[in-house]
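Under UniProt numbering, the letters of the sequence shown match residues 1 to 323, in that order.
First comes the structure, then the notes that go with it.
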Amino acid sequence: MADIEERRPRNKATTFLLVLAAAAFVVASALRLLGIDGTRHMVATTALVPYFTAAGVLLGAIALLARRWFVGTVTLLVALVLVAAVAPRAFPDARPIGVGQEVRVMAANLLVGKADAEVLVAAVRDHAVDVLALQELSPAMVVDLERAGLDEVLPHRVFLAEPGASGSGIASRYPLTARDLAGPSTLRQAGALVALPGADLEVVSVHPLPPVTPDGPEPWQRDMAGLPRPDLNGPYRVLAGDFNATLDHVGLRRLLNHGYVDAADQVGAGLDPTWPADAVWPPPVVIDHILVDDRCPVDTFQVVDIPGSDHRAIVSQFVVPAR
1 MADIEERRPR NKATTFLLVL AAAAFVVASA LRLLGIDGTR HMVATTALVP YFTAAGVLLG
61 AIALLARRWF VGTVTLLVAL VLVAAVAPRA FPDARPIGVG QEVRVMAANL LVGKADAEVL
121 VAAVRDHAVD VLALQELSPA MVVDLERAGL DEVLPHRVFL AEPGASGSGI ASRYPLTARD
181 LAGPSTLRQA GALVALPGAD LEVVSVHPLP PVTPDGPEPW QRDMAGLPRP DLNGPYRVLA
241 GDFNATLDHV GLRRLLNHGY VDAADQVGAG LDPTWPADAV WPPPVVIDHI LVDDRCPVDT
301 FQVVDIPGSD HRAIVSQFVV PAR
């Protein structure tokens, strides 16, 4: 009898800890499942959905092994719903049939102009990039890119260079015409029409203000809402850059619902983290994306390390159908 009485406090403690962990998991999951961005802390939590999805599966299994049937069942059911949303990103989708002009687009956040320009230009050459979307493009970085030979590879450009993190730009193998596609935004988001052989392509260098600033996520939400939807009556469109959002955030999912596909998700690379580069804290997440008009079949996607930047560059090849 004494042994049984001594075990009861440990059993109650185990139950309490499992219930507490399960409650935290369910609340975090609800932000994603109900589409709530909320405060900056909620936005940051949603960015970690792939991590707490795996944690939820593990927690549910532990609860069942500990014979906490209700806690384990509820936790596993919620975790499985998240698995259904997250796991497909690791598997390629069927490529739609389509022929036309093959295009390779790269997006790179330059960390206020601190990225290694020579490595970036070398990556542009190695990956045969046709269009380069740049974020945090400073005037000094423009000079560094010119010295590294970017003009020799991508001679056409629409640059909105500014000190700090506000600047952006687009460089291209093909002629460019500047276009205001993103509308008013906190940071500069360059837009351009690319005159491809046989077709036109509009590109936006995306960089909404981060949602985790002390001012809260409202400017980020406005910037995301201002990004253009695909135009069925106009050129094909691509949004490429640092969205400061994952595939679990409402604003990005809304864009996908309006006619874009995420290039990484299409080829099974949707869980390859892009920020922070070469760091384990905060946990690496996927906030850099190339969103392609869903009429353009996606063939490849890669992440590329650029020394000096806290972001990994991303490259995708897709087909722009002839009109």
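Even glycine gets a Cβ: it sits at the ideal position worked out from N, Cα and C.
Looking at the secondary structure, which residues open and close the beta strand (DSSP E) in which residue i lies?
| i | result |
| --- | --- |
| residue 321 | 313-321 |
| residue 104 | 100-109 |
| residue 51 | It is not in any beta strand (DSSP E) - residue 51 instead sits in the alpha helix (DSSP H) that spans 49-65. |
| residue 240 | 236-242 |
| residue 169 | 168-172 |
| residue 178 | 176-178 |
| residue 158 | 156-160 |
| residue 299 | 298-304 |
| residue 131 | 131-135 |
Have a look at the options and flag the residue whose alpha-carbon is nearest the alpha-carbon of residue i.
| i | options | result |
| --- | --- | --- |
| residue 115 | 277, 296, 302 and 323 | 277 |
| residue 86 | 263, 125 and 32 | 32 |
| residue 304 | 47, 244 and 110 | 110 |
| residue 147 | 315, 133, 118 and 131 | 118 |
| residue 230 | 260, 204, 182 and 219 | 260 |
| residue 285 | 103, 54, 49 and 150 | 49 |
| residue 141 | 108, 126, 173 and 76 | 108 |
| residue 296 | 98, 77 and 82 | 98 |
| residue 316 | 39, 127 and 40 | 127 |
| residue 307 | 122, 154 and 155 | 122 |
| residue 194 | 133, 313, 233 and 39 | 133 |
| residue 162 | 96, 253, 113 and 184 | 113 |
| residue 92 | 21, 300, 84 and 245 | 300 |
| residue 269 | 252, 279, 253 and 247 | 247 |
| residue 69 | 266, 262, 19 and 120 | 19 |
| residue 184 | 203, 58 and 222 | 222 |
| residue 74 | 21, 34 and 224 | 21 |
| residue 131 | 203, 89 and 95 | 203 |
Per DSSP, what are the beta-bridge partners of residue i in this structure?
| i | result |
| --- | --- |
| residue 185 | DSSP lists no partner for residue 185. |
| residue 202 | 193 and 237 |
| residue 262 | 291 |
| residue 267 | 92 |
| residue 281 | DSSP output for residue 281 lists no bridge partner at all. |
State the Cα-Cα distance for the pair residue i and residue j, rounded to the nearest angstrom.
| i | j | result |
| --- | --- | --- |
| residue 4 | residue 15 | Since pLDDT at residue 4 reaches only 45, below the 50 mark, its modelled position is unreliable, and the value read off the structure follows with that caveat. Taking the straight line from one Cα to the other gives about 16 Å. |
| residue 43 | residue 217 | 8 Å |
| residue 219 | residue 255 | 17 Å |
| residue 187 | residue 199 | 29 Å |
| residue 101 | residue 62 | 52 Å |
| residue 257 | residue 191 | 22 Å |
| residue 41 | residue 212 | 7 Å |
| residue 197 | residue 37 | 41 Å |
| residue 1 | residue 11 | Per-residue confidence for residue 1 stands at a pLDDT of 44, beneath the threshold of 50, marking its modelled position as unreliable; no derived number is given. |
| residue 76 | residue 272 | 25 Å |
| residue 55 | residue 150 | 44 Å |
| residue 177 | residue 298 | 24 Å |
| residue 7 | residue 83 | Any reading at residue 7 needs caution, since the residue's pLDDT is 48, under 50, leaving its predicted position unreliable; the model's value is listed next. Rounded to whole angstroms, residue 7 to residue 83 spans 36 Å at the Cα level. |
| residue 45 | residue 250 | 13 Å |
| residue 266 | residue 13 | 45 Å |
| residue 103 | residue 201 | 10 Å |
| residue 189 | residue 125 | 24 Å |
| residue 331 | residue 310 | As shown, the chain starts at 1 and ends at 323. That puts residue 331 outside it, with no answer to give. |
| residue 120 | residue 302 | 14 Å |
| residue 226 | residue 181 | 9 Å |
| residue 321 | residue 294 | 11 Å |
| residue 57 | residue 64 | 11 Å |
| residue 66 | residue 81 | 22 Å |
| residue 262 | residue 314 | 12 Å |
| residue 17 | residue 35 | 27 Å |
| residue 106 | residue 72 | 44 Å |
Check for me: the alpha helix (DSSP H) holding residue i runs from which residue to which?
| i | result |
| --- | --- |
| residue 73 | 69-86 |
| residue 150 | 150-153 |
| residue 330 | Any answer about residue 330 is impossible in this case: the structure gives the chain only from 1 up to 323. |
| residue 145 | 139-147 |
| residue 251 | 250-257 |
| residue 126 | 117-126 |
Is any beta-carbon of chain B found at less than 8 Å from that of residue i?
| i | result |
| --- | --- |
| residue 27 | In summary, chain B is missing from the structure at hand, where a single protein chain is found. |
Any 3 or more C-beta pairs closer than 8 Å across the segment 283-301 and the segment 229-249: yes
Counting pairs of Cβ atoms below 8 Å between the segment 161-177 and the segment 126-137, do you hit three or more? yes
Counting pairs of beta carbons, one from the segment 198-210 and one from the segment 47-67, are three or more of them closer than 8 Å? no
Would you call the segment 170-177 in contact with the segment 150-158, where contact means no fewer than 3 C-beta pairs closer than 8 Å? yes
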